[in-house]
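Colleague:
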Amino acid sequence: MSYLWEQLHGAIPLIAHGDPYVMGLLWVTVRVAIVSTAAALLVGLPIGLALGLGRFRGRRALQILANASLALPPVVVGIGVLLLLLPRGALGSLQIEFSLTAVYIVQAILALPYIVALTPAAIQGLPPGLLAQARALGAGPVQLSALALREARIGVLAGVIAALAATISEVGAVVIVGGNFQGHDETLASALLEQFNYTAHEPYASAIGLVLLALIVLLAGALTVIQQRTGGIQLRFRTV
Amino acid sequence: MIDPSPLLRCEHLTVRRGRREVIRDVSAEFRAGEIVALLGPNGAGKSTLLDALAGALPAAGGRVERHGRVAIALQSPDLARRSVLSNVVLALAWWGVPRSERATRAREALRAIAAEHLAARPAATLSGGERRRVHLARAIAVRPDVLLLDEPFAGLDAEVRASLLEDALSALRSSARATLVVVHDRAEAWALADRLLIMLDGRLVASGPPRELLERPPSVEVARFLGFDGMLDDGREVVLTRPVHVVLDARGPLAGRVARAIPLEDGVRLELELDQGRLYTVASLPAPQPGEPVRVRLDGGVRFPAPHRAEAVERQFPAGNLGTP
Amino acid sequence: MRLIWDELGKALPLIFHGNPQLLAVIWFTLQVAGVATAAACVIGLPIGLALGLGRFRGRNVCRALANASLALPPVLVGVFLFVLFSPPAPLGFMHLIYTRRVVFIAQTILALPYVVALSAAAVQALPPGLLSQARLLGAGRLQLWALALREARIGVIAAVIAALGTSLSEVAAVTILGGNIYGYNQTLASATLYEVGGGYYADAVAIAIVLIAMILVLMGGLGVLQQQGNGIRMRFRSAA
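Protein chains in written order, with numbering that gives the first Met the number 0: chain A, 0 to 239; chain B, 0 to 324; chain C, 0 to 239.
Right, here's the structure in full:
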């Protein structure tokens, strides 16, 4: 056990004294997670609302597609984006391959399925009479969307947290499009991969791992609290 | 006809849910061959009593004595996603019936409750009434010594309920079994039961044949619960009446005034204001209008000595919250 | 767009001519996904059922932990196992680092949360009356488990497919623990990462196409199952 303890022991001072490399990684990770999730929300929420509330033909097929997109392997998304961004690719003129911008883009694409798939699922979990009644009383699309979002906010929030957690954990796609340039477009997770590929047993690896774990525990804790709270409501509802 | 030794007996049974005493000091016996109806308002503790009798909830005080196996059919008729027949067969497997007997017994039970035609249907395609029917068949099929049914007719519309009630009447009747049915509606109790238990606020407040209880309710609260909605109080005693006891009669001894008139299918329900209290009756058309003076006579009703002030009784035992007038 | 077509043009012959290297990677990936998912089911289904059906103290905490474990970044799991399995560590004597066996172990551990959390959720979503009624009619533990598994089969199968999906897409833990060694213990996903790193885009695209084809087959299977499930529910609704 002393070996494990040693691994941890080297890591503590790095975190406690705010080692610039580790803190830099944390800053990049948080920025990437927030920016890409926000972009995914901007694009995905209207789509999710349309899928959850719309009554157009092919809605079910689109929803199955949205659910399936959750299973898209990140490395495949990564290579697809990279081929677009490389100098000879369709968006090559932008010259953003192997940069932080490319990481933002690929992470936003990877976060999108969580928003698009989980929003309609949350809306469909609402009591069926609620939205139908609002429609029958003449609520327009905007009012309906506002009502659905308000009532299904816990489910949508769970989708957002899932998207944040996914972007924080992602490695494959980030390494592919970003090239993993140290101190530039490395995230905590992708840096961890690098540490173990070439220079294992560094105290840095343990420090990065601990910071990443702390971030995830924070997010998972938030999600658990939210779900427990709704669970509590359901329980109370059931005993009445 | 009734076996003298009870199949199920509880003595001074007390049950808690959390810190709250939901059942308080209940004693009762159930014998082979009888069908007992348990009646009480929502939250009186009926389902809790069933759980405790079945052994699904521990007794906090008193004891439960079981001679034979007790089966309880829960209120929600949730079925497995397979055919109706397999659902009944599955219940027999849970109960421990040998494999070779299951199909035959399942079919018998379905026939007994007039649900044989449903046997091959997937349970997920059944209507509410059909689900209740299969749920009941499942409970009958296991042939318990004591059968506890929790509101087997809940949530059905009048027509479906009447037809299920009719079929249940013959299917539940068995000389070998004691049956306790929680009912929500007084009409169901009259149709099914040899004996009626009335539960108010966790206590058993009356027990007896339905007709007898109706003729001689043991207390004001039981009378109020059984639909004695009219009440006169002359300071010495309280008279409680059901609508059938109150007859409009031009030469009747009591004078009053029509306070309200609510049209019914075959007449009018009248609320009459008298000096000593309020009476309700159903009159045939043409009926007197609100405000008109009327004279009535009482054709029955029950009397209790009057420590009860009328308003206090009204407050404590609001009448007519259950069943049809 | 030219680049994508160029790379696709080079990639497709690799797939259709049955490049032996590629076939070996496909075969190893299938083995890993199959064995890891099967092992995760053997270990995880009893746990999931116990969590979903059990009435023991602290089951809510256990369920919350199971849900939270879904958010654990694979790269962290990889680092943790690496530290645990590295030569000076307590489990170092097993000599697992950079082997094929460790890939199976890593993927099993990563698939486990999906099986446990999703099967528990599926069982919990069953109508409560059904299981209570079975208990009250004297059903034993095995009968209860059989009933719950059968009734919740669509959710349980979804859990299995999610587990298969992660073991197909995951790169981080496999790379850290296995070393992503060419021709030895690469899965389709980690091989994609490897080929991109080396600049062999055509090979990466070929591998990515095979990977996404596998995921599509899986998702198609799940879609069909969900359609069947919905079909039953819809019929029920129209009858009621």
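All residues carry an ideal CB built from backbone N, CA and C; glycine is no exception.
Can you tell which of G222(C), V209(C), L217(C), Y113(C) has its C-alpha closest to the C-alpha of A23(C)?
Modeller: Position 24 of the third sequence holds residue 23(C). With distances taken between Cα atoms, A23(C) lies closest to V209(C).
Colleague: What separation, rounded to the nearest whole angstrom, lies between the Cα atoms of A39(C) and V82(C)?
Modeller: Start at 1 with the first residue of the third sequence, and residue 39(C) comes out as number 40. Start at 1 with the first residue of the third sequence, and residue 82(C) comes out as number 83. Roughly 22 Å separates the two Cα atoms.
Colleague: Any chance the stretch 21-41 of chain B sits against the stretch 185-202 of chain B, with 3 or more Cβ pairs inside 8 Å?
Modeller: yes
Colleague: Hey, does F195(A) have any beta-carbon neighbour from chain C nearer than 7 Å?
Modeller: Mapped onto the first sequence, residue 195(A) falls at position 196. So, interface residue.
Colleague: With the cut-off set at 7 Å, would you say V204(C) and E6(C) are in Cβ contact?
Modeller: The residue given as residue 204(C) occupies position 205 in the third sequence. The residue given as residue 6(C) occupies position 7 in the third sequence. At the C-beta level, V204(C) and E6(C) come within 7 Å of one another.
Colleague: Please identify, using Cβ separations under 7 Å, the residues of the stretch 116-127 of chain C that lie next to chain B, in order along the chain.
Modeller: P126
Colleague: For I231(C), which residues in the same chain have their Cβ closer than 7 Å to its Cβ, ignoring the five residues on either side in sequence?
Modeller: If you number the third sequence from 1, residue 231(C) lands on position 232. In this predicted model, I231(C) has a pLDDT of only 41, less than 50, meaning its place in the structure is not dependable enough to derive any value.
Colleague: Quick one: what's got a C-beta closer than 7 Å to N66(C)'s C-beta in the same chain, skipping five residues either side?
Modeller: Here residue 66(C) corresponds to residue number 67 of the third sequence, with the count starting at 1. Cβ within range, chain order: A116.
Colleague: Let me know the alpha helix (DSSP H) ranges lying completely inside the stretch 69-154 of chain C, each 4 residues or longer, listed in chain order.
Modeller: Here the runs fully enclosed are 73-84, 100-123, 127-135, 140-150.
Colleague: Using DSSP bridges, identify the partner residues of G229(B).
Modeller: Your numbering for residue 229(B) matches position 230 in the second sequence. DSSP lists T240(B) as partners of G229(B).
Colleague: Between A105(B) and chain C, is the shortest Cβ-Cβ distance under 7 Å, so that the two count as touching?
Modeller: Residue numbering aside, residue 105(B) sits at position 106 when the second sequence is read from its first letter. Chain C, which has no Cβ nearer than 7 Å to the Cβ of A105(B), makes this no.
Colleague: Along chain B, which residues have their Cβ under 9 Å away from the Cβ of L221(C)?
Modeller: Along the third sequence, one-based indexing puts residue 221(C) at 222. In chain order: nothing, as chain B lies at least about 18 Å away.
Colleague: Pairing CB atoms from the stretch 160-173 of chain B with CB atoms from the stretch 198-208 of chain B, are three or more of them under 8 Å?
Modeller: Judged by Cβ distances under 8 Å, the stretch 160-173 of chain B makes no contact with the stretch 198-208 of chain B, as fewer than three pairs qualify.
Colleague: What would DSSP say about I71(B), mapped onto helix, strand or coil?
Modeller: To locate residue 71(B), count along the second sequence from 1; it is residue 72. DSSP places I71(B) in strand when its eight states are reduced to three.
Colleague: Within 7 Å of any Cβ in chain C, is that where the Cβ of I215(A) sits?
Modeller: Within the first sequence, residue 215(A) is the residue found at index 216, counting from 1. Judged by the 7 Å Cβ criterion, I215(A) is in contact with chain C.
Colleague: Taking Q194(A) as the reference, give the member of G178(C), N184(C), D202(C) with the closest Cα.
Modeller: Counted from its first residue, the first sequence places residue 194(A) at position 195. Among G178(C), N184(C), D202(C), the Cα nearest to that of Q194(A) belongs to G178(C).
Colleague: Quick one, which residues of the stretch 135-160 of chain C are near chain B if we go by CB-CB under 9 Å, in chain order?
Modeller: Along the stretch 135-160 of chain C, the positions whose C-beta sits under 9 Å from a C-beta of chain B are L135, L136, G137, A138, G139, Q142, L143, L146, R149, E150, R152, read in chain order.
Colleague: Report the CB separation of D149(B) from S46(B) in whole angstroms; it is logged as a contact under 8 Å.
Modeller: Taking the second sequence and counting its residues from 1, one reaches residue 149(B) at position 150. Taking the second sequence and counting its residues from 1, one reaches residue 46(B) at position 47. Right, their Cβ atoms sit about 6 Å apart.
Colleague: Using a beta-carbon distance cut-off of less than 7 Å, what residues from the stretch 85-112 of chain B approach chain C?
Modeller: Within the stretch 85-112 of chain B, the qualifying residues are A90, A92, W93, W94, G95.
Colleague: Could you check if A327(B) is buried or exposed, using at least 16 other CB atoms within 10 Å of its CB as the buried criterion?
Modeller: Only positions 0 to 324 of chain B appear in this structure, which leaves residue 327(B) out of reach.
Colleague: Could you check if L146(B) belongs to the surroundings of the ligand MN, using beta carbon to heavy atom distance under 6 Å?
Modeller: Among the components of this structure there are no ligands whatsoever, and the ligand MN is therefore not found.
Colleague: From G164(C), F27(C), P73(C), pick the residue whose C-alpha is nearest to that of L109(C); which is it?
Modeller: Taking the third sequence and counting its residues from 1, one reaches residue 109(C) at position 110. Among G164(C), F27(C), P73(C), the Cα nearest to that of L109(C) is on P73(C).
Colleague: If you compare alpha carbons, which of A282(B), L196(B), A138(B) is closest to V69(B)?
Modeller: Sequence index remark: in the second sequence, residue 69(B) carries index 70 (1-based). Cα-wise, what sits closest to V69(B) is A138(B).
Colleague: Using a Cβ-Cβ distance under 7 Å, would D228(B) count as near chain C?
Modeller: As a working note, residue 228(B) is residue 229 in the second sequence. Output row for D228(B): interface = no.
Colleague: Considering just the uninterrupted stretch of the alpha helix (DSSP H) at T13(B), what are its terminal residues?
Modeller: If you number the second sequence from 1, residue 13(B) lands on position 14. Here T13(B) belongs to no alpha helix (DSSP H); instead the beta strand (DSSP E) covers 7-16.
Colleague: Cβ closer than 9 Å: which chain C residues qualify as neighbours of I71(B)?
Modeller: As a first step, residue 71(B) is located in the second sequence; it is residue number 72 there, counting from the start. Result: Q132, L135, L136.
Colleague: Ordered along the chain, which non-local residues of its own chain (more than five positions away) have a Cβ less than 7 Å from that of L85(A)?
Modeller: Taking the first sequence and counting its residues from 1, one reaches residue 85(A) at position 86. Closer than 7 Å at the Cβ level, and outside the excluded window around L85(A), lie G91, E96.
Colleague: For P292(B), which residues does DSSP report across the bridge?
Modeller: By 1-based counting over the second sequence, the position of residue 292(B) is 293. According to DSSP, which records beta bridges pairwise, P292(B) is partnered with R256(B).
Colleague: Does the stretch 44-62 of chain C come close enough to the stretch 159-174 of chain A that 3 or more CB-CB pairs lie under 8 Å?
Modeller: no
Colleague: Excluding five sequence neighbours on each side, which residues of the same chain lie with their C-beta closer than 7 Å to the C-beta of D67(B)?
Modeller: Locating residue 67(B) in the second sequence gives position 68, counting from the first residue. The displayed chain sequence assigns Gly, not Asp, to residue 67(B). The residues L6, D144, V145, in chain order, have a CB closer than 7 Å to that of G67(B) in the same chain once the five nearest residues on each side in sequence are set aside.
Colleague: Just list the alpha helix (DSSP H) runs in the stretch 152-197 of chain B, keeping only unbroken ones of 4 residues or longer that don't cross its boundaries, in chain order.
Modeller: Annotation: the stretch 152-197 of chain B contains the following complete segments of the alpha helix (DSSP H) (minimum length 4 residues), in chain order: 157-171, 185-191.
Colleague: Would T118(A) be called buried (16 or more neighbouring beta carbons within 10 Å of its own) or exposed?
Modeller: Translated into the one-based positions of the first sequence, residue 118(A) becomes position 119. So T118(A) ends up on the buried side.
Colleague: From the beta carbon of G231(A), is the nearest beta carbon of chain C less than 7 Å away?
Modeller: Here residue 231(A) is taken as the residue at index 232 of the first sequence, counted from 1. Residue placement at G231(A) is flagged as unreliable, the pLDDT there being 40, under the threshold of 50; the coordinate-derived value follows with that caveat. Chain C, which has no Cβ nearer than 7 Å to the Cβ of G231(A), makes this no.
Colleague: Return no unless some Cβ of chain C is closer than 7 Å to the Cβ of Q303(A).
Modeller: Outside the displayed span of chain A (0 to 239) sits residue 303(A), for which this structure offers no information.
Colleague: What are the start and end residues of the beta strand (DSSP E) that includes V25(B)?
Modeller: Against the second sequence, residue 25(B) aligns to sequence position 26. Per DSSP, V25(B) belongs to the beta strand (DSSP E) from 19-29.
Colleague: Could you give the DSSP three-state label for Y254(C): helix, strand or coil?
Modeller: There is no way to answer for residue 254(C), as the model of chain C reaches only from 0 to 239.
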